[in-house]
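Numbering (the working numbering), first residue to last: 3 to 377.
We put the beta carbon where it would ideally sit given N, CA and C, even for glycine.
As the structure is a prediction and not an experimental result, all values here were calculated from the model.
A short worksheet on the structure shown next.
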Amino acid sequence: MGEEGFSSDSSLLYHAHPPTAIVKSEVLADVAGEAPLVPNQPLLPRHYRTQDLTSRGDLVLSRRPLMGNDDLRISFVTVDEPSDLYRNSTGDEAVYVHTGALRFESVYGWIEATSGDYVVVPRGTIHRWIPAAPAEQVGAPAAEPVQVLVIEARGHIRPPRRYLSTTGQFLEHAPYCERDLRAVTGPLLADGEDVPVIVRNRTGLTRLTYAWHPFDVVGWDGCLYPYAFNIADFEPIVKRTHAPPPVHQTFEGPNFVICSFCPRPLDFDPSSVPIPYNHHNVDSDEMMFYVAGDYSARQGSGVGIGSVTLHPSGFTHGPAPGAAEAVIAGMAAGRITTDETAVMIDTFRPLLLADAAAGAEDPEYAWSWARAARG
Ligand SMILES: [Fe+2]
Numbered sequence: 003m004g005e006e007g008f009s010s011d012s013s014l015l016y017h018a019h020p021p022t023a024i025v026k027s028e029v030l031a032d033v034a035g036e037a038p039l040v041p042n043q044p045l046l047p048r049h050y051r052t053q054d055l056t057s058r059g060d061l062v063l064s065r066r067p068l069m070g071n072d073d074l075r076i077s078f079v080t081v082d083e084p085s086d087l088y089r090n091s092t093g094d095e096a097v098y099v100h101t102g103a104l105r106f107e108s109v110y111g112w113i114e115a116t117s118g119d120y121v122v123v124p125r126g127t128i129h130r131w132i133p134a135a136p137a138e139q140v141g142a143p144a145a146e147p148v149q150v151l152v153i154e155a156r157g158h159i160r161p162p163r164r165y166l167s168t169t170g171q172f173l174e175h176a177p178y179c180e181r182d183l184r185a186v187t188g189p190l191l192a193d194g195e196d197v198p199v200i201v202r203n204r205t206g207l208t209r210l211t212y213a214w215h216p217f218d219v220v221g222w223d224g225c226l227y228p229y230a231f232n233i234a235d236f237e238p239i240v241k242r243t244h245a246p247p248p249v250h251q252t253f254e255g256p257n258f259v260i261c262s263f264c265p266r267p268l269d270f271d272p273s274s275v276p277i278p279y280n281h282h283n284v285d286s287d288e289m290m291f292y293v294a295g296d297y298s299a300r301q302g303s304g305v306g307i308g309s310v311t312l313h314p315s316g317f318t319h320g321p322a323p324g325a326a327e328a329v330i331a332g333m334a335a336g337r338i339t340t341d342e343t344a345v346m347i348d349t350f351r352p353l354l355l356a357d358a359a360a361g362a363e364d365p366e367y368a369w370s371w372a373r374a375a376r377g
């Protein structure tokens, strides 16, 4: 398997059987892929509560888009059953595990994924997702559901180029490094004949039946493989005064970035205001998924754990009125850290909205700044 026309990362996979042997091909209904996406009109900042989303089932076919554009699609699903074997040949996926635990199984081997993990799946990797039974989840409350945010790119998802040396090693100033990446364990071997694999490619969704089970890779070598990175392993970079989001960048994709906001010391100048300023990131739409902690900037806006906000280009956004005063008062009382944790996706093309998310929208969010400021 190799990327960019034999000119980028690749791996050699040693199959016991020909990986070419297919015996049947059938068109599949593509519920998620054909879900309509509509422009953010009238132009509004948006707030969705993932707690109110009803999509549940397997991670592949039951994911439902929240928003997307020609560069990526962002979906959410509560995973309560194993997926079929799946190959996404339209681009890499980053699956962020919000709660619970899953086992990722692939031709390369497996990864035990848990809350806070980004699992990056290279384009074309045949894999499946198996949710852990609650009793098997180490350290998780018994009833915790398995909830994931899925970022499907139309290209490759990689560490930011500026974190890497010219030969691809993480530089010492980067907020994470090779030691933080958890590669697959393997080999993962399975017997079987006439095994169906769901394939998404640029023409739609197909079920291809393979003569032999694709999990027959006895070994592999190379630099292209799935891996996991836990958000808790991101080493935050802080400044004396407020640092803007590029310090939180975790991955880059075609026309988008993924950032991780993690627990960290507050800005440490005695006169700093350790909260974002009102800003207009004019070339981007900003999607934020609030995953843990207490998010000071959003106090009083209705946003909480499990919320997704969208702040589009064309709208100046910032902290809720009163949030700056509250955090300054907190510093005066001795507060020196923030425990906020969030995943942010900034896109350079507008994010379109999915119908599936509409039922989980807080229609009052857009007016929350004015409401709070007017009292
Ligand atoms: Fe922002």
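- Separation of L61 and S273 (C-alpha to C-alpha, rounded to the nearest whole angstrom) is 47 Å.
- Looking from the CA of A294, the closest CA among A34, F263, A18 and Y227 belongs to F263.
- Contact between I260 and A115 is absent: CB atoms are separated by about 16 Å, not below the 8 Å threshold.
- By the CB criterion at 8 Å, P276 and H250 fall outside the cutoff.
- Setting aside the 5 residues that flank it on each side, Y120 is surrounded in the same chain by A96, Y98 and F231, each with a C-beta closer than 6 Å to its C-beta; the list follows chain order.
- Residues of the same chain with a CB within less than 8 Å of the CB of V305, apart from the 5 flanking positions on each side, are H49, Y292, Y297, T311 and Y367 in chain order.
- Per the DSSP secondary-structure output, R181 pairs with nothing in a beta bridge.
- The C-beta of L191 has fewer than 16 other C-beta atoms within 10 Å across all chains shown, which makes the residue exposed.
- Counting of Cβ neighbours within 10 angstroms places P44 among the exposed residues, the total staying below 16.
- Following the DSSP letters along the chain, one finds W214 inside the beta strand (DSSP E) bounded by residues G206 to W214.
- If you draw a straight line from the Cα of P21 to the Cα of W214, it is about 8 Å long.
- Pairing Y227 with G302, the inter-Cα distance amounts to about 43 Å.
- Look at M333 here: in three-state DSSP terms it is helix.
- The residues D11, in chain order, have a CB closer than 6 Å to that of C225 in the same chain once the five nearest residues on each side in sequence are set aside.
- Here DSSP, grouped into helix, strand and coil, assigns Y297 to coil.
- At a threshold of 7 Å, H250 does not count as near ligand 1, since its beta carbon sits no closer than that to any of the ligand's heavy atoms.
- In this structure, ligand 1 has a non-hydrogen atom nearer than 7 Å to the beta-carbon of E288.
- Assignment of beta-bridge partners to D218 by DSSP yields no partner.
- For the options Q171, L166, I159 and R266, the alpha carbon positioned closest to that of T343 is the one of R266.
- R376: member of the alpha helix (DSSP H) spanning S370 to R376, first to last residue.
- In this chain, the alpha helix (DSSP H) harbouring D357 covers D357 to A360.
- V79 is the residue among G320, V79 and T187 whose C-alpha sits nearest the C-alpha of I153.
- Beta-bridge partners of E107 (DSSP): W112 and R130.
- Residues of the same chain with a CB within less than 6 Å of the CB of G361, apart from the 5 flanking positions on each side, do not exist.
- Annotated three-state conformation of Y279 is coil, per DSSP.
- In the three-state DSSP reduction, Q53 falls in the helix class (H, G or I).
- Rounded to whole angstroms, the Cβ separation of V199 and Y212 is 6 Å, and the two are in contact under 8 Å.
- One Cα belongs to F172, the other to V186, and the distance between them is close to 19 Å.
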